[in-house]
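Undergrad: Sharing a structure with you now.
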Amino acid sequence: MFHKILIANRAEIALRIIRAARELGIETVAVHSTADANSLHVKFADESLCIGPPPSKESYLNIPAILSAAEVSGADAIHPGYGFLSENAEFAEMVQHAGLGWIGPRPEMIRMMGNKVRAKEAMREAGLPQLPGSDGVVRDERELVRLAEKVGFPVILKAASGGGGRGMKIVREKDQLGQMYRTASAEALAAFGNGDMYVERYVERPRHVEIQIVADEHGNVVHFGERECSVQRRHQKMLEESPSPALNEKLRERMGRVAVEAMKKIRYNNLGTIEFLLDERGEFFFMEMNTRIQVEHPVTESVTGIDLLKEQIRLAAGEELGRTQKSIALRGHAIELRINAEDPVTFAPSPGLITAYHAPGGLGVRVDSIAHEQYRVLPFYDSMVAKMIVTADSRPAAIMRARRALQEYVVEGIKTNIPFHKRLLLFEPFVQGRYDTRTVERLLAEAPPPAGA
Amino acid sequence: MDVEKLRAILAALQGTDVTRLDWTNGQERITLRMGHPPAPVTALHAVPAGAPGSSAALPTPPQVTPVVAAASPAARDNTFTVNSPFVGTFYRAASPDNPSFVEVGQVVKKGQVLCIVEAMKLMNEIEAEQPGRLLEALIQNGSPVEYGEPLFRFEPV
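Here the protein sequences line up with chains A and B, keeping their order.
Under the numbering used here, the first sequence has 657 at position 428, and the numbering climbs by one with no breaks.
Under the numbering used here, the second sequence has 682 at position 112, and the numbering climbs by one with no breaks.
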């Protein structure tokens, strides 16, 4: 086992890692920028080292400074948390070459999953279903018609050089295909200088459901069930829950099984998350894989009763998994709300000094945060101030508990998205569990928030 | 307060001995401080030690960006500190057998080597960015130092 872990991160996840390490009897070293000198993750670590000025690229992304800090502090492992250097394969390699333990998957895994095209190829070979479509650029109209019929309508035409929603056309019927293709291709040529298009199945109401993978260094792999992350705005997750209201026992078993089999095939190690797109018919498709601990890991901890950070550290040190799939059972229901320093209507960031702070409590309420009264939310970093996780016997009980807890949550001095969450928890599609990745858009379009909310 | 009014006040104070003006008018409050700016901040830069003849296998040292060493808040008037440009290990001499680069009381020239901060197995020489007399060495030889940590206190000469 490791003796001293250096945490190459900040804020709540750094504190989360400190808590896990302390329970394992491992010392911790916090590194921080000058702006974070008084941060709780610095105060609660056994040791701390300032590694640079406020901008991330000179501190939390400063690889030489972090490795140097590991050396002078005598740390024998590095935990990267999420974000920052957590999915930087070169950094992982440098950590290992320095003779330190890397708390995450092997660098080759990080590199493979970091390249979307390679990740999809590898996962197709490993047996994960993919969204049906053309494997590459569509050559001509005749091929397009053939492919579209195979894929099944509606289909989406995407410009090979497009992105961010631009250069896309949804085609619902076969007889529109030719016309739409010519228009889209001409538009793409004008906009991106490249008229190449590809085609894939269009999912009207996609849900984002991800499977938590836990693997050791000896070829043992299990999954810890799923997290439903469809409450998103512009691809930013806002709320996550486990289990997913869209899965039944059979579908969960099937998704989990193919995920675990794929991970065994590529000899994945440590923690990881496979993101799937789930359609209305219960078909699921591989989207991407995250090779790190995730922000929303606490909902999985709540329903499995297992500390994922301790598990991650233990496995990185080479210990055996010592769990069978049968021993993993999901109990109850957990919901995580991300509390961000942002305007609840415009979603503009709202950094600044927190003048009053009271976190909710009571049975089944957990708050992971480094916020406190007089804490300053810094403009240099992420706007997430806290994660509130509620756990109850059932989904309706968890929603009631989340509403109750939000009533107790006081954050003054900055704006937060708490009013947004209060609306969401009353929004019928969410309450019914019938929502998808576009539900937040519909909620925001539907009714203006009541004055003073 | 509008800009024109402020300009007028500033113009009126030019050439006088006034060093500070506090102005309150209802909700409006202005504090003006005239004269010289606070003691200039000291910059220093680190130069990787050439160490001729020794450890030829060392890789090319990284480019080191100069760091502005702000005067420490605890600084007595008129003194300035030289701060570590990165996290590493602090050495006062080139090797255990060598004398310290600088001793208390000594006057250093701009560009003179003050110490070494070792980071990533590279010995980085830290030079004086301005002349001064060494008042205090703040860090013990061989200790880890953080980014921005004051290493020496000087007084200008």
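Even for Gly, the Cβ is constructed at its ideal location relative to N, Cα and C.
All figures in this text were calculated on a predicted structure; none of them were measured in a lab.
Measuring alpha carbon to alpha carbon, tell me which of B/N595, B/V672, B/R577, B/D592 ends up nearest B/P701.
TA: Residue 701 of chain B sits at position 131 when you count from the first residue of the second sequence. The shortest Cα separation from B/P701 among B/N595, B/V672, B/R577, B/D592 belongs to B/V672.
Undergrad: Report all residues from its chain with a CB closer than 6 Å to the CB of A/V400; omit the five preceding and five following residues, and keep chain order.
TA: Reading the first sequence from its first residue, position 171 is the one you call residue 400 of chain A. Closer than 6 Å at the Cβ level, and outside the excluded window around A/V400, lie V384, L406, M409.
Undergrad: Within this structure, are the beta carbons of A/Y289 and A/F313 separated by less than 8 Å?
TA: For the purposes of this step, residue 289 of chain A is taken as residue 60 along the first sequence, with counting starting at 1. For the purposes of this step, residue 313 of chain A is taken as residue 84 along the first sequence, with counting starting at 1. The answer is yes: Cβ separation under 8 Å.
Undergrad: What span of residues does the alpha helix (DSSP H) with A/Y410 cover, start to end?
TA: Counted from its first residue, the first sequence places residue 410 of chain A at position 181. Run containing A/Y410: 406-421, per the alpha helix (DSSP H) assignment.
Undergrad: Could you give the residue range of the beta strand (DSSP E) that holds A/T529?
TA: What you label residue 529 of chain A is simply residue 300 of the first sequence in a count that begins at 1. Counting along the chain, A/T529 falls outside any beta strand (DSSP E), though it belongs to the alpha helix (DSSP H) covering 526-533.
Undergrad: Going by the DSSP bridge assignment, what does A/S598 pair with across the sheet?
TA: The residue given as residue 598 of chain A occupies position 369 in the first sequence. Answer is A/A615, bridged to A/S598.
Undergrad: Starting from the beta carbon of B/T659, find every residue of chain A whose beta carbon is closer than 7 Å, and list them in chain order.
TA: Residue 659 of chain B sits at position 89 when you count from the first residue of the second sequence. The answer, in chain order, is V301.
Undergrad: Using a Cβ-Cβ distance under 8 Å, would B/M690 count as near chain A?
TA: Taking the first residue of the second sequence as position 1, residue 690 of chain B is located at position 120. Cβ-Cβ to chain A under 8 Å: yes for B/M690.
Undergrad: Do you know how far the Cα of A/E478 is from the Cα of A/S531?
TA: Here residue 531 of chain A refers to the residue found at position 302 when the first sequence is read from its first residue. Here residue 478 of chain A refers to the residue found at position 249 when the first sequence is read from its first residue. One C-alpha to the other measures close to 18 Å.
Undergrad: Roughly how many angstroms separate the alpha carbons of B/P720 and A/R456, rounded to a whole number?
TA: Indexing the second sequence from 1 puts residue 720 of chain B at position 150. Indexing the first sequence from 1 puts residue 456 of chain A at position 227. So the two alpha carbons sit approximately 48 Å from each other.
Undergrad: Using CA atoms only, rank isn't needed, just tell me which of A/F453, A/L468, A/V367, A/R462 is closest to A/D425.
TA: Counting from one through the first sequence, the residue named residue 425 of chain A turns up at place 196. Comparing Cα positions, the closest option is A/V367.
Undergrad: Helix, strand or coil for B/A619 per DSSP?
TA: Locating residue 619 of chain B in the second sequence gives position 49, counting from the first residue. For B/A619, the pLDDT reaches just 43, beneath the cut-off of 50, and the residue's location in the model is therefore unreliable, leaving the point undetermined.
Undergrad: In angstroms, rounded to a whole number, what distance separates the CA positions of A/G422 and A/G396?
TA: Position 193 of the first sequence, counting from 1, holds the residue named residue 422 of chain A. Position 167 of the first sequence, counting from 1, holds the residue named residue 396 of chain A. Going from the Cα of A/G422 to the Cα of A/G396 covers about 12 Å.
Undergrad: Which of the three DSSP states, helix, strand or coil, is assigned to B/T635?
TA: Residue 635 of chain B sits at position 65 when you count from the first residue of the second sequence. Because the pLDDT at B/T635 is just 40, under 50, the model does not fix this residue reliably, and the value given afterwards should be weighed accordingly. Of the three classes helix, strand and coil, the one that applies to B/T635 here is coil, per DSSP.
Undergrad: What does A/M323 pair with, by DSSP beta-bridge criteria?
TA: Residue 323 of chain A sits at position 94 when you count from the first residue of the first sequence. DSSP, once it has assigned bridges, lists no residue as partnering A/M323.
Undergrad: So A/G343 is in the alpha helix (DSSP H); what residue range does that whole segment cover?
TA: For this step, residue 343 of chain A is matched to residue 114 along the first sequence. Start and end: 336-343.
Undergrad: Could you work out which residue in A/G534, A/A631, A/H452, A/P282 is closest to A/S262 when comparing CA atoms only?
TA: Locating residue 262 of chain A in the first sequence gives position 33, counting from the first residue. Among A/G534, A/A631, A/H452, A/P282, the Cα nearest to that of A/S262 belongs to A/P282.
Undergrad: Is there at least one Cβ from chain E nearer than 8 Å to A/C279's Cβ?
TA: The structure shown contains no chain E; its protein chains are A and B.
Undergrad: Assuming the contact rule is C-beta atoms closer than 8 Å, B/R703 and B/V687 should be a hit. Round their C-beta distance to whole Å, please.
TA: As a working note, residue 703 of chain B is residue 133 in the second sequence. As a working note, residue 687 of chain B is residue 117 in the second sequence. About 22 Å; that fails the 8 Å criterion.
Undergrad: Select from A/H464, A/E641, A/V451, A/E322 the residue whose C-alpha is nearest the C-alpha of A/R667.
TA: In the first sequence, the residue the question calls residue 667 of chain A occupies position 438. It is A/H464 whose Cα lies nearest to the Cα of A/R667.
Undergrad: In whole angstroms, what separates the C-alpha of B/E706 from that of A/A298?
TA: For the purposes of this step, residue 706 of chain B is taken as the residue at position 136 of the second sequence. For the purposes of this step, residue 298 of chain A is taken as the residue at position 69 of the first sequence. B/E706 and A/A298: Cα-Cα distance of roughly 25 Å.
Undergrad: Against chain B, with Cβ distances strictly below 8 Å, would A/S297 count as a contact?
TA: As a first step, residue 297 of chain A must be located in the first sequence, where it is residue number 68. It does: the Cβ of A/S297 has a partner Cβ on chain B nearer than 8 Å.
Undergrad: Closest to B/Y661 by C-alpha separation, out of B/V677, B/N595, B/G712, would be which residue?
TA: Along the second sequence, read from residue 1 onward, the residue named residue 661 of chain B stands at position 91. It is B/G712 whose Cα lies nearest to the Cα of B/Y661.
Undergrad: Please work out which residues of its chain come closer than 8 Å, Cβ to Cβ, to B/P714, disregarding the five sequence neighbours upstream and downstream, and give them in chain order.
TA: As a position in the second sequence, residue 714 of chain B is number 144, starting the count at 1. Cβ within range, chain order: V657, G658, T659, F660.
Undergrad: Would you call the CB atoms of A/I564 and A/L468 closer than 8 Å?
TA: Position 335 of the first sequence holds residue 564 of chain A. Position 239 of the first sequence holds residue 468 of chain A. Yes. Within cutoff.
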